[in-house]
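Below is one structure; the comments refer to it alone.
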Amino acid sequence: MNSWQRNIETFAKAPEILKRIAEPAYREALALGTEVREEYHFLARGEYNENYVFIHPDSGKKYVLRINHGSQMQLERQISYEAHALKLLEASGRTPKLYYCSEKSGEPGILVMEFLEGIALDYAKDLKLGAEILTDIHGLPYNREEDRGEDRLYFAKDPLVEMLSESARLQRVYELSPFIEDSVYSRLHALWKKGVEEKERGEKLLRQEEFCIINTELNSGNFLMNGEGKKNYLVDWEKPLYGHFAQDLGHFLSPTTTFWKTDYILSEKEIKDFLEHYKKCRDIELPALQEQTALFILYNCIRGLSWCAMAYTEYKKGRDLQNEDTFQKIKAYLQDPFLTKVEECCKKLF
Numbered sequence: 001m002n003s004w005q006r007n008i009e010t011f012a013k014a015p016e017i018l019k020r021i022a023e024p025a026y027r028e029a030l031a032l033g034t035e036v037r038e039e040y041h042f043l044a045r046g047e048y049n050e051n052y053v054f055i056h057p058d059s060g061k062k063y064v065l066r067i068n069h070g071s072q073m074q075l076e077r078q079i080s081y082e083a084h085a086l087k088l089l090e091a092s093g094r095t096p097k098l099y100y101c102s103e104k105s106g107e108p109g110i111l112v113m114e115f116l117e118g119i120a121l122d123y124a125k126d127l128k129l130g131a132e133i134l135t136d137i138h139g140l141p142y143n144r145e146e147d148r149g150e151d152r153l154y155f156a157k158d159p160l161v162e163m164l165s166e167s168a169r170l171q172r173v174y175e176l177s178p179f180i181e182d183s184v185y186s187r188l189h190a191l192w193k194k195g196v197e198e199k200e201r202g203e204k205l206l207r208q209e210e211f212c213i214i215n216t217e218l219n220s221g222n223f224l225m226n227g228e229g230k231k232n233y234l235v236d237w238e239k240p241l242y243g244h245f246a247q248d249l250g251h252f253l254s255p256t257t258t259f260w261k262t263d264y265i266l267s268e269k270e271i272k273d274f275l276e277h278y279k280k281c282r283d284i285e286l287p288a289l290q291e292q293t294a295l296f297i298l299y300n301c302i303r304g305l306s307w308c309a310m311a312y313t314e315y316k317k318g319r320d321l322q323n324e325d326t327f328q329k330i331k332a333y334l335q336d337p338f339l340t341k342v343e344e345c346c347k348k349l350f
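Using UniProt numbering, read the sequence shown as starting at 1 and increasing by one per residue.
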């Protein structure tokens, strides 16, 4: 079986991709030559994207072909938005280099980026390295006034309002479902009300001059770690925003983030040590760092638990029941001991 036949097999469910990888613009951008000699192999799949890895037949360099099928942000040009973010972030040295991007009406968007080596972040040993990655990204100069194209980064002007509104909608789905447990809803809603109480004070903490490019999806699996003294990366840029840096820190440190894939909850000391190292690496005045981060840990807990309540309702209806492990994790989020740990975490923050 030759390379083209293997590619036909790989893209059997998406034959239009075979045409895209054979287009002159694609071949020229990557110096691949007119004949398709490279072989594509499945790498990973998300809700809206599929990634394939291939090796350049001449240089031996590895690339990732990313195929987009939709948008969490409801964008018409999702893959172009991601590509634009990668170009803005290239100078950080912490993200994949972009080589090609193409949008076509009625077809999936595609981009090609650098393949980077590494393993998922380990909360027990990689927190300082994670802080260093984020300081390089958050410290990257970004001129909002110069970013004027149609793929301009979305401005999270009122993140607290947006997160509370989204959480209210998600909790409402659970509240109106026949699967509601009153005690669970009461606890989730109490956290939401705590967020409302903190909103006005929190908004005063978010200084405009501290806004930067943020990732918003800092799960451990989105980091590629190679260890101290080596290059470590952040690779998933599906939902980048122009927002406050603490929104990223709050998501990264929140128990609703860390527990999802790793069953790990950070201690107070681990959070404190992370923030101290982050501040040291940023090398700028961050007078409200702890308060700002605490605020976003609370808000990420509210949103994470609200999403689980909504997802629990959908799973119980029998929709999208494709992953029993995910369903079991969702249930774990909505009961003790995890729910109590989240409540205790949020109480200690304020």
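Beta carbons are placed, not taken as given, at the ideal position from N, Cα and C, and that holds for glycine. Computed from a predicted structure; not experimentally measured.
Supposed contact pair residue j and residue i - C-beta distance, whole angstroms, cut 8 Å
i           : j      : result
GLU114      : LYS87  : With a Cβ gap of about 13 Å, GLU114 and LYS87 do not count as contacting.
TRP307      : LEU170 : 6 Å
LEU153      : ILE79  : The pair is not a contact, with the Cβ atoms about 15 Å apart (cut-off 8 Å).
residue 384 : GLU238 : Not covered by the structure: residue 384. The range shown for the chain is 1 to 350.
GLU38       : PHE54  : 5 Å
SER220      : ALA120 : 5 Å
LEU127      : PHE274 : 5 Å
ARG27       : GLY139 : 37 Å between Cβ atoms; not a contact.
GLU203      : LEU160 : 6 Å
THR258      : TYR123 : 6 Å
Simplified DSSP assignment, three categories, for residue i
i      : result
ARG66  : strand
LEU266 : coil
ALA44  : strand
HIS56  : coil
TYR299 : helix
GLY139 : coil
TYR242 : strand
GLU50  : strand
LEU234 : strand
PHE179 : coil
PHE155 : strand
VAL173 : helix
SER71  : coil
ASN323 : coil
ASP273 : helix
GLN335 : coil
GLU150 : coil
ILE284 : coil
VAL36  : coil
ALA22  : helix
ASN2   : coil
GLU76  : coil
PHE350 : coil
LEU30  : coil
GLY304 : helix
SER254 : coil
PHE11  : coil
Residue i and residue j closer than 8 Å at C-beta
i      : j      : result
PHE350 : GLU198 : yes
LEU224 : LEU295 : no
GLY227 : ILE302 : no
HIS69  : LEU32  : no
LEU305 : VAL342 : yes
ASN215 : PRO178 : no
VAL112 : LEU234 : no
LEU249 : TYR278 : yes
MET310 : VAL173 : yes
GLU291 : LYS348 : no
VAL36  : SER59  : no
TYR185 : GLU175 : yes
ARG20  : SER102 : yes
ALA156 : GLU162 : yes
beta-carbon residue i near the ligand FAD non-hydrogen atom, thresh 7 Å
i     : result
GLN72 : For the ligand FAD, the structure offers nothing, since it holds no ligand at all.
Short CB-CB distance (under 8 Å) between residue i and chain B
i      : result
LEU289 : The structure shown contains no chain B, having only a single protein chain.
Exercise for the section: Would you check if there are 3 or more beta carbon pairs closer than 8 Å linking the segment 54-70 to the segment 241-257? Expected result: no
Handout entry: Sufficient close CB pairs (3 or more, under 8 Å) joining the segment 99-111 to the segment 144-153
Key = no
Handout entry: Segment contact flag, the segment 183-202 with the segment 111-131, C-beta cutoff 8 Å, min 3 pairs
Key = no
Problem - Runs of beta strand (DSSP E) wholly within the segment 197-227 (minimum 3 residues, chain order) - result: 211-214
Practice task
Spell out a yes or no on whether the segment 327-341 and the segment 299-316 are touching, meaning 3 or more CB-CB pairs, one atom from each, closer than 8 Å.
Solution key: yes
Handout entry: the segment 240-249 / the segment 131-138 touching (three or more Cβ pairs under 8 Å)
Key = yes
Handout entry: Runs of beta strand (DSSP E) wholly within the segment 90-144 (minimum 3 residues, chain order)
Key = 98-102 and 109-114
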